[in-house]
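Here the sequence shown stands for residues 2 to 298, numbered as in the working numbering. C-beta: ideal position from N, C-alpha, C; glycine also.
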Amino acid sequence: MSKSTGCTSAGGAGSRSIGGSQTAVTPRAAEGVLLFDNETGAEVTRIGILFDSPVALCMKDIVAVGGEAVTRLDVGVRTAWIDVALVPGGTLQVSIPGNAKVSSAYWISSVQEKNKVIVRWVIEAVWNEGDSAAIAEFMSSSSVFHGDSFVGELPGVEGYTMFWTMSHTALLDNQFTIEDIVTEDDMVAIRLLHAGTNTGPFMTIPATGASIVARAIVAYRFSDGKIVEGWLNVDGLGMLTQMGLIPPMGPPNFTWGTPSAVTGDPGTPEENKINASRDCGEVWNEGNFAQIDEIIG
Numbered sequence: 002m003s004k005s006t007g008c009t010s011a012g013g014a015g016s017r018s019i020g021g022s023q024t025a026v027t028p029r030a031a032e033g034v035l036l037f038d039n040e041t042g043a044e045v046t047r048i049g050i051l052f053d054s055p056v057a058l059c060m061k062d063i064v065a066v067g068g069e070a071v072t073r074l075d076v077g078v079r080t081a082w083i084d085v086a087l088v089p090g091g092t093l094q095v096s097i098p099g100n101a102k103v104s105s106a107y108w109i110s111s112v113q114e115k116n117k118v119i120v121r122w123v124i125e126a127v128w129n130e131g132d133s134a135a136i137a138e139f140m141s142s143s144s145v146f147h148g149d150s151f152v153g154e155l156p157g158v159e160g161y162t163m164f165w166t167m168s169h170t171a172l173l174d175n176q177f178t179i180e181d182i183v184t185e186d187d188m189v190a191i192r193l194l195h196a197g198t199n200t201g202p203f204m205t206i207p208a209t210g211a212s213i214v215a216r217a218i219v220a221y222r223f224s225d226g227k228i229v230e231g232w233l234n235v236d237g238l239g240m241l242t243q244m245g246l247i248p249p250m251g252p253p254n255f256t257w258g259t260p261s262a263v264t265g266d267p268g269t270p271e272e273n274k275i276n277a278s279r280d281c282g283e284v285w286n287e288g289n290f291a292q293i294d295e296i297i298g
């Protein structure tokens with residue numbers, strides 16, 4: 002994205018968020034302007050806005066009430082990033098010409114928070130709204146997306162667009178819900194719930210008309226405000242079973258007990274990372290099942 006000093010053409014919430022807390026904000030409308038109130042209880046330094054269509058924004062259209070002057074405006078096809086130091090209770094006033102509306106907006110105060118917002122917008126704009134043209138807004142032209150056995154390696158915006166086309170051809174009513182989102186350093190990971198109806202061909206497989214519900218884990222690596230690498234793991238076996246292409250597995254030969262309530266100290270991020278590593282290393286790699294009760298609550 003480019004820095005704007007004049008006018009430039011520019012184009013959620015509810016999930017668990019860990020590692021950098023961005024705050025969703027819904028603007029108020031007042032006499033031709035949108036008012037973004039800082040109700041976070043702390044100073045914010047930037048707001049990211051996703052519009053439903055292209056929009057022209059100028060520095061002169063943005064006024065901070067209860068803070069310092071706007072210092073930077075970065076715009077893309079459907080997005081705007083506005084740098085402004087706004088105190089608690091302050092308001093950012095934005096005049097938006099035309100009929101563009103705000104799809105979502107977030108107060109942020111760090112690069113990690115910005116990266117999480119971009120991932121939310123990938124799901125919101127690209128996948129749920131079906132706007133494949135927005136892919137280039139969020140992904141680097143030199144990015145690499147490592148898909149699972151369904152899609153393999155996807156180079157650049159073109160490769161990711163091919164993946165999007167394949168998915169939306171097979172399941173036109175795709176809907177994705179972010180259930181968890183976690184960030185650390187230059188990485189963002191999400192746990193997704195995916196639902197849709199198989200109304201079109203999936204690769205070489207004819208449409209089955211089946212309703213599909215599957216979960217996936219996706220991790221993204223960022224550089225200079227764009228996704229440069231991604232990794233996908235999806236429940237492909239479950240999808241093929243729901244499509245009737247492979248028989249379902251039989252019932253398990255064991256019975257789960259009643260889960261206990263989650264209580265106690267949630268631990269620090271560093272402690273939790275160590276325990277997660279122990280699960281992989283000690284339990285699975287070393288086969289030390291005696292450690293399960295110590296690691297898994």
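- In this structure residue 255 is exposed. Its beta-carbon is surrounded by fewer than 16 other beta-carbon atoms within 10 angstroms.
- Following the DSSP letters along the chain, one finds residue 235 inside the beta strand (DSSP E) bounded by residues 227-235.
- By the criterion of a C-beta distance shorter than 8 Å, residue 187 is surrounded in its chain by 116, 222, 223, 224, once the five residues flanking it on both sides are discounted.
- Relative to residue 237, the option among 135, 44, 195 whose CA is nearest is 195.
- A Cβ-Cβ distance of about 20 Å is found for the pair residue 191 and residue 158, leaving them out of contact under the 8 Å criterion.
- Counting along the chain, residue 113 sits inside the alpha helix (DSSP H) bounded by residues 112-122.
- It is roughly 43 Å from the alpha-carbon of residue 248 to the alpha-carbon of residue 51.
- Rounded to the nearest whole angstrom, the CA to CA distance from residue 61 to residue 183 is 36 Å.
- For the pair residue 65 and residue 94, the CB atoms are nearer than the 9 Å cut-off.
- At the C-beta level, residue 38 and residue 56 stay beyond 9 Å of one another.
- With contacts defined as CB atoms closer than 9 Å, residue 139 and residue 152 fail to qualify as a contacting pair.
- A check of alpha carbon separations from residue 104 across 123, 144, 87 identifies 123 as the nearest.
- Residue 282 sits exposed, since fewer than 16 C-beta atoms from the chains shown fall within 10 Å of its C-beta.
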